[in-house]
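*Asks:* All letters in the sequence shown, in the order written, are residues 304 to 616 by the working numbering. Quick reminder that beta carbons are idealized off the backbone N, C-alpha and C, glycines included. As the structure is a prediction and not an experimental result, all values here were calculated from the model.
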Amino acid sequence: MASDADGSPPLLRVSTPFGYGALRGDEDEPQADLSPETAGENHGQEFAHVQFPWGHAYMHTGMVATAPLFTFYALSKTEHIKFTLPFALTSTGSDMVEAVRRRLQLEANVAISLVQTDSVSKHEIKPLLKLGECTIGAGPEHPVLVLQAPLVQFDKKKCSFYVVLQDDNTRAVQIAKGFGSVLGNCEVGCGVKYWEVELQSARGGDGVFLGVASADLSLNGSILSRGIFWGMSCATGHKFHDSIEHYADPCKDGDVVGVLLDMEYGRLSFYANGRSLGVAFCGIQAKRLSPVFSLTSIGQKLKLLPTASPPMP
Numbered sequence: 304m305a306s307d308a309d310g311s312p313p314l315l316r317v318s319t320p321f322g323y324g325a326l327r328g329d330e331d332e333p334q335a336d337l338s339p340e341t342a343g344e345n346h347g348q349e350f351a352h353v354q355f356p357w358g359h360a361y362m363h364t365g366m367v368a369t370a371p372l373f374t375f376y377a378l379s380k381t382e383h384i385k386f387t388l389p390f391a392l393t394s395t396g397s398d399m400v401e402a403v404r405r406r407l408q409l410e411a412n413v414a415i416s417l418v419q420t421d422s423v424s425k426h427e428i429k430p431l432l433k434l435g436e437c438t439i440g441a442g443p444e445h446p447v448l449v450l451q452a453p454l455v456q457f458d459k460k461k462c463s464f465y466v467v468l469q470d471d472n473t474r475a476v477q478i479a480k481g482f483g484s485v486l487g488n489c490e491v492g493c494g495v496k497y498w499e500v501e502l503q504s505a506r507g508g509d510g511v512f513l514g515v516a517s518a519d520l521s522l523n524g525s526i527l528s529r530g531i532f533w534g535m536s537c538a539t540g541h542k543f544h545d546s547i548e549h550y551a552d553p554c555k556d557g558d559v560v561g562v563l564l565d566m567e568y569g570r571l572s573f574y575a576n577g578r579s580l581g582v583a584f585c586g587i588q589a590k591r592l593s594p595v596f597s598l599t600s601i602g603q604k605l606k607l608l609p610t611a612s613p614p615m616p
């Protein structure tokens with residue numbers, strides 16, 4: 304947020320037809336109140352002094368907004384919904400996500416991601432950033448696409464005896480020795496599917512394995528001996544199928560590992576803390592595959608995260 308050079312408080316971020324700027328007050332006057340509630344009552348100052356990255360401008364207060372309206376298009380298999388919501392530019396991306404979820408009355412098992420577009424590019428709205436930092440503008444010329452997808456969840460009916468599920472089936476914990484696997488609650492036969500886990504405690508044993516396999520995978524034994532598992536070892540960074548090859552650097556506790564399955568091209572890719580590790584496998588011929596999470600040591604823990612879209616490049 305912009306501030307004066309003499310250390311005075313940060314200037315208020317505003318939206319204008321010419322982009323985002325910072326509202327400057329005259330030396331002897333406070334900054335104009337341009338909130339939607341007072342915009343119609345603000346007769347004392349007809350013009351606002353706005354600082355842009357490219358210079359300064361005096362603009363009519365009706366062209367300046369501290370909480371502009373953003374236009375949303377919600378896309379799903381059954382309907383397309385258009386709506387608008389006001390947000391202060393100091394709000395965070397997560398504030399926008401939660402407001403959109405309430406507006407659409409989405410259930411907890413549906414993930415959304417917000418992507419703003421202009422004529423040449425796309426921008427993912429980051430939950431931890433302020434809207435003035437992660438959006439490219441407000442108004443219908445910069446629509447925000449609401450992308451919805453069902454979350455991958457642990458399937459309690461396809462879970463090893465050695466693993467228990469906690470926190471509404473979002474956390475898997477190993478409670479006995481040996482390989483213990485749990486499958487995701489979906490079989491992917493077409494399209495693209497993405498899911499993420501946090502490695503809450505992945506040390507010990509042979510480490511944690513993430514990937515995909517057919518739904519008849521043995522849940523209480525090694526996943527590495529039958530050639531029906533495609534995935535990676537988080538402990539070593541090697542990838543496994545019918546051979547073992549180096550793929551990426553090892554992961555550690557606290558890392559977020561993403562898995563992207565593209566059944567159209569038979570490709571499996573991984574992410575670590577939002578960074579793509581590249582394609583691990585291509586040309587996978589299986590007709591249907593399920594997410595696999597395999598633990599090998601007592602006390603290992605994984606947590607599924609509420610996201611269904613891979614990070615944008």
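Going residue by residue through the segment 481–540, where are the continuous beta strand (DSSP E) segments of at least 3 residues, counting only ones entirely within it?
*Replies:* Counting only runs of 3 or more, we get 483–487, 495–504, 512–516 and 532–536.
*Asks:* To which residues of the same chain is GLU344 closer than 6 Å at the C-beta, ignoring the five residues directly before and after it?
*Replies:* The predicted position of GLU344 is uncertain, since its pLDDT is 49 and thus under 50; no value can be drawn from it.
*Asks:* Assuming the contact rule is C-beta atoms closer than 8 Å, GLY510 and TRP498 should be a hit. Round their C-beta distance to whole Å, please.
*Replies:* Between TRP498 and GLY510 the Cβ distance is about 19 Å, and since that is not below 8 Å, they are no contact.
*Asks:* I'd like the list of long-range same chain contacts for ASP331, defined as Cβ closer than 8 Å, with 5 residues on each side in sequence excluded.
*Replies:* Low confidence applies to ASP331: its pLDDT is 39, below 50, so where it sits in the model is not reliable, and the reading given next is rough at best. Taken in chain order, the list of residues that qualify is empty.
*Asks:* Taking the beta strand (DSSP E) that VAL400 falls in, what are its first and last residues?
*Replies:* Where VAL400 is concerned, there is no enclosing beta strand (DSSP E), although the alpha helix (DSSP H) it sits in stretches over 396–407.
*Asks:* With burial defined as no fewer than 16 other Cβ atoms inside 10 Å of the residue's Cβ, what is the status of GLY530: buried or exposed?
*Replies:* GLY530 should be labelled exposed.
*Asks:* Which word fits PRO333, buried or exposed, when buried means at least 16 other C-beta atoms lie within 10 angstroms of its C-beta?
*Replies:* Note that PRO333 has pLDDT 39, beneath the 50 cutoff, so the model's placement of it is unreliable and no number is given.
*Asks:* Tell me the residue span of the beta strand (DSSP E) that contains GLU436.
*Replies:* Here GLU436 belongs to no beta strand (DSSP E); instead the alpha helix (DSSP H) covers 434–437.
*Asks:* Among GLY358, VAL403 and ALA575, which residue has its Cα nearest to the Cα of VAL500?
*Replies:* Closest by alpha carbon: ALA575.
*Asks:* Which residues bound the beta strand (DSSP E) around ILE384?
*Replies:* Residues 383–389.
*Asks:* Between HIS544, GLY492 and GLY365, which has its C-alpha nearest PHE512's C-alpha?
*Replies:* The option with the nearest alpha carbon to PHE512 is HIS544.
*Asks:* Between LEU326, VAL413, ASP398 and GLY440, which lies nearest to LEU372 when the distance is taken from Cα to Cα?
*Replies:* Of the listed residues, the one whose Cα sits closest to LEU372 is GLY440.
*Asks:* Taking just the CA atoms, how far does THR599 sit from ILE478?
*Replies:* Roughly 10 Å separates the two Cα atoms.
*Asks:* Check whether the segment 443–451 touches the segment 464–480, counting contact only when three or more Cβ pairs, one atom from each stretch, lie closer than 8 Å.
*Replies:* Short answer: they don't touch.
*Asks:* Quick one: is PHE457 buried, meaning 16 or more other Cβ sit within 10 Å of its Cβ, or exposed?
*Replies:* Looking at its Cβ environment, which holds 16 or more other Cβ atoms inside 10 Å, PHE457 is buried.
*Asks:* In the structure shown, what three-state DSSP assignment does THR393 receive?
*Replies:* Reduced to three states, the DSSP call for THR393 is coil.
*Asks:* Please name the residue, chosen from GLY483, THR364, PRO443 and LEU432, that lies closest to PHE596 on a Cα-to-Cα basis.
*Replies:* Comparing Cα positions, the closest option is GLY483.
*Asks:* What residue range does the beta strand (DSSP E) around PHE464 cover?
*Replies:* Taken as a continuous stretch (DSSP letters only), PHE464 belongs to no beta strand (DSSP E), as it is neither H nor E.
*Asks:* In terms of alpha-carbon separation, which member of ASP471, LEU522, SER593 and LEU432 lies closest to VAL495?
*Replies:* That would be SER593, whose Cα lies nearest to the Cα of VAL495.
*Asks:* Got a sec, what are the start and stop residues for the beta strand (DSSP E) PRO453 sits in?
*Replies:* Segment 447–453, the beta strand (DSSP E) holding PRO453.
*Asks:* Going by the CB atoms, is the gap between THR438 and ALA368 shorter than 9 Å?
*Replies:* Against a cut-off of 9 Å, the Cβ pair of THR438 and ALA368 comes out as no contact.
*Asks:* On the CB-based measure, 16 or more other CB atoms within 10 Å of its CB, does ILE384 come out buried or exposed?
*Replies:* So ILE384 counts as exposed.
*Asks:* By DSSP, does MET366 sit in helix, in strand, or in coil?
*Replies:* Helix, per DSSP.
*Asks:* Of all the options ASN523, CYS554, ILE587 and SER525, which has the alpha carbon lying nearest to the alpha carbon of LEU580?
*Replies:* Selected option, being the one with the closest Cα: CYS554.
*Asks:* Going by DSSP, what residue range makes up the beta strand (DSSP E) through ARG578?
*Replies:* Start and end: 578–584.
*Asks:* Helix, strand or coil: which one does DSSP assign to ILE415?
*Replies:* Strand at ILE415.
*Asks:* Going by beta-carbon coordinates alone, are LEU468 and VAL559 separated by less than 9 Å?
*Replies:* No; because the gap between Cβ atoms is not below 9 Å, this pair is not in contact.
*Asks:* What are the start and end residues of the beta strand (DSSP E) that includes THR610?
*Replies:* No beta strand (DSSP E) holds THR610; DSSP gives it neither H nor E.
*Asks:* Starting from PRO313, trace the beta strand (DSSP E) both ways and give me its first and last residue.
*Replies:* Looking at the DSSP string, PRO313 is not in any beta strand (DSSP E), and its letter there is neither H nor E.
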